[in-house]
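*Asks:*
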Amino acid sequence: MDSSLNSISPQLCAARVMDVVPTVMRWIYTEVRQQESTCLTIPQLRALAFLQINAGTSLVALAEYLGVTSASTSTMVERLVQKEYVTRVEHPKSRRKVVLSLTVAGEEHLQQVRQITRDRLADKIAHLPPEHLAHLLNGLEELSQIFVFRDCADD
82 MDSSLNSISP
92 QLCAARVMDV
102 VPTVMRWIYT
112 EVRQQESTCL
122 TIPQLRALAF
132 LQINAGTSLV
142 ALAEYLGVTS
152 ASTSTMVERL
162 VQKEYVTRVE
172 HPKSRRKVVL
182 SLTVAGEEHL
192 QQVRQITRDR
202 LADKIAHLPP
212 EHLAHLLNGL
222 EELSQIFVFR
232 DCADD
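The numbers in this note's numbering rise by one with no breaks, and the one at position 110 of the sequence shown is 191.
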């Protein structure tokens, strides 16, 4: 066995993840903000992404996901409704609740922003040899499996 593998620990990997992931996310956010095709803020795009996965969700659930108050979320949602990216309808059983959904225009806008960002990220890593890309992909898949499994177990 390679002796350098003996020096790799879960703590070392965790430290690198905590260093690298925020840096990558900052790069992604910067790329998204620079896109001329979007007039939305990062929190608004995060809201669209959440609604894409959680169609028919509540304002409270969206606020919890975004980590902001329901009042702030309500203001944001109103802007998204005005842009015709989101629909907000009264809950059929409770007038105090609303049901939020992504519109076709919202879906298309989100997909366009994601595709442009994916293309730019692909350009950024295009210089890596195929074996490095494979290692990167394998590592990301491992992380995804760890956190998807944990999220399901926490429910």
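Each residue gets a CB set at the ideal place from its N, CA and C atoms; glycine is no exception.
With distances taken from CA atoms, which of Glu189, Leu218, Leu143, Leu191 is nearest Ala203?
*Replies:* Leu218
*Asks:* Between the alpha carbons of Pro173 and Thr150, how many angstroms are there, rounded?
*Replies:* 23 Å
*Asks:* Report the three-state DSSP secondary structure of Val149 (helix, strand or coil).
*Replies:* coil
*Asks:* Below 8 Å, can you find three or more Cβ-Cβ pairs linking the region 98-108 to the region 159-171?
*Replies:* no
*Asks:* When the Cα of Tyr110 is compared with those of Arg97, Val98, Ser118, Pro124, which residue comes out closest?
*Replies:* Of the candidates Arg97, Val98, Ser118, Pro124, Pro124 places its Cα closest to the Cα of Tyr110.
*Asks:* Shortest alpha-carbon distance to Lys205 belongs to which of Val229, Ala215, Trp108, Asn87?
*Replies:* Trp108
*Asks:* Suppose you measure from the CA of Ala152 to the CA of Glu159; what does that come to, to the nearest Å?
*Replies:* 11 Å
*Asks:* Taking Cβ to Cβ, would you say Ser118 is nearer than 8 Å to Gln226?
*Replies:* Between Ser118 and Gln226, the C-beta spacing is not below 8 Å.
*Asks:* Using the C-alpha atoms, what's the distance from Leu129 back to Asn135?
*Replies:* 10 Å
*Asks:* Just reading off the alpha helix (DSSP H) that Glu112 is part of, what are its end residues?
*Replies:* From DSSP, the alpha helix (DSSP H) with Glu112 extends over 91-114.
*Asks:* Restricting to Cα atoms, I'd like to know which of Leu209, Asp200, Gly220 is closest to Val113.
*Replies:* Asp200
*Asks:* For Thr122, collect the residues of the same chain with a Cβ closer than 6 Å to its Cβ; drop the 5 residues on either side in sequence, then sort them by chain order.
*Replies:* Scanning its chain for C-beta atoms nearer than 6 Å, with the 5 sequence neighbours on each side dropped, one finds no residue around Thr122.
*Asks:* Rounding to the nearest angstrom, what Cα-Cα distance links Leu140 and Leu209 in this structure?
*Replies:* 42 Å
*Asks:* Look up Thr138 in the DSSP assignment and say whether it is helix, strand or coil.
*Replies:* strand
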